[in-house]
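Enquirer: 1 is the number of the first residue of the sequence shown in this note's numbering; add one for each residue after it. Every residue gets a Cβ at the ideal spot worked out from N, C-alpha and C, and that includes glycine. None of these values were measured; they are calculated from a predicted model.
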Amino acid sequence: MIPVAGRHLLYVVRPGALTTVQDAGRPGHAHLGVGRAGALDAPAARLANRLVGNPPDAAVLETTLTGCAVRPDRPVVAVVGGAGCRVTVDG
Numbered sequence: 001m002i003p004v005a006g007r008h009l010l011y012v013v014r015p016g017a018l019t020t021v022q023d024a025g026r027p028g029h030a031h032l033g034v035g036r037a038g039a040l041d042a043p044a045a046r047l048a049n050r051l052v053g054n055p056p057d058a059a060v061l062e063t064t065l066t067g068c069a070v071r072p073d074r075p076v077v078a079v080v081g082g083a084g085c086r087v088t089v090d091g
C-alpha cells in the first residue's frame, strides 16, 4: 500500500517496469552528494498536481514502458498525464 497525501491508500496491483514515486527532486544539494533526481517529465508532474489541487512538488507515480495498475481503497481524483497511453478505469 502507498499512502497518498497522508489520507488515501493505493494498492499496487501490478507495479510494471520502472514505475517510481517521484517529486520535484532535491535541487541545490549536489555539494552534499545528493543528486537532483525528480520526475523525468517535471512539467507533466507539476501540471498533474495542479489539476488535482496538490502543491506543485507533491509526489506522483511516474511509469514508463509497461505502465502499472493501482486500486484505491476509496474514491480518489486522479490525473494521467505526460506521453500518450492507454488508461482503463474500473476494469
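#1: Between which residues of its own chain and G35 is the CB-CB distance below 6 Å, once the five residues before and five after are set aside?
#2: List, from N- to C-terminal side, the alpha helix (DSSP H) runs of 4 residues or more that fit wholly inside the region 42-79.
#3: Beta-carbon within less than 7 Å of P27's beta-carbon, same chain only, minus the 5 sequence neighbours each way: which residues are those?
#4: Going by alpha carbons, who is nearest to T18 out of L61, R74, H31?
#5: Once DSSP output is grouped into helix, strand and coil, what is the label at L10?
#6: When the Cα atoms are used, what is the spatial distance from P43 to R86?
#7: First and last residue of the beta strand (DSSP E) that includes V89?
Expert: Taking the coordinates as given:
#1: Along the sequence shown, one-based indexing puts residue 35 at 35. Contacts found: none.
#2: You should have 42-52.
#3: Counting from one through the sequence shown, the residue named residue 27 turns up at place 27. Hits under 7 Å: R36.
#4: By one-based count along the sequence shown, residue 18 stands at place 18. This sequence places Leu at residue 18; Thr is not what is there. Considering only L61, R74, H31, the residue with the shortest C-alpha distance to L18 is L61.
#5: Translated into the one-based positions of the sequence shown, residue 10 becomes position 10. DSSP, read as helix, strand or coil, puts L10 in strand.
#6: Sequence index remark: in the sequence shown, residue 43 carries index 43 (1-based). Sequence index remark: in the sequence shown, residue 86 carries index 86 (1-based). Answer to the nearest angstrom: the Cα atoms are 20 Å apart.
#7: One-based indexing of the sequence shown puts residue 89 at position 89. That residue, V89, is in no beta strand (DSSP E); it is neither H nor E in DSSP.
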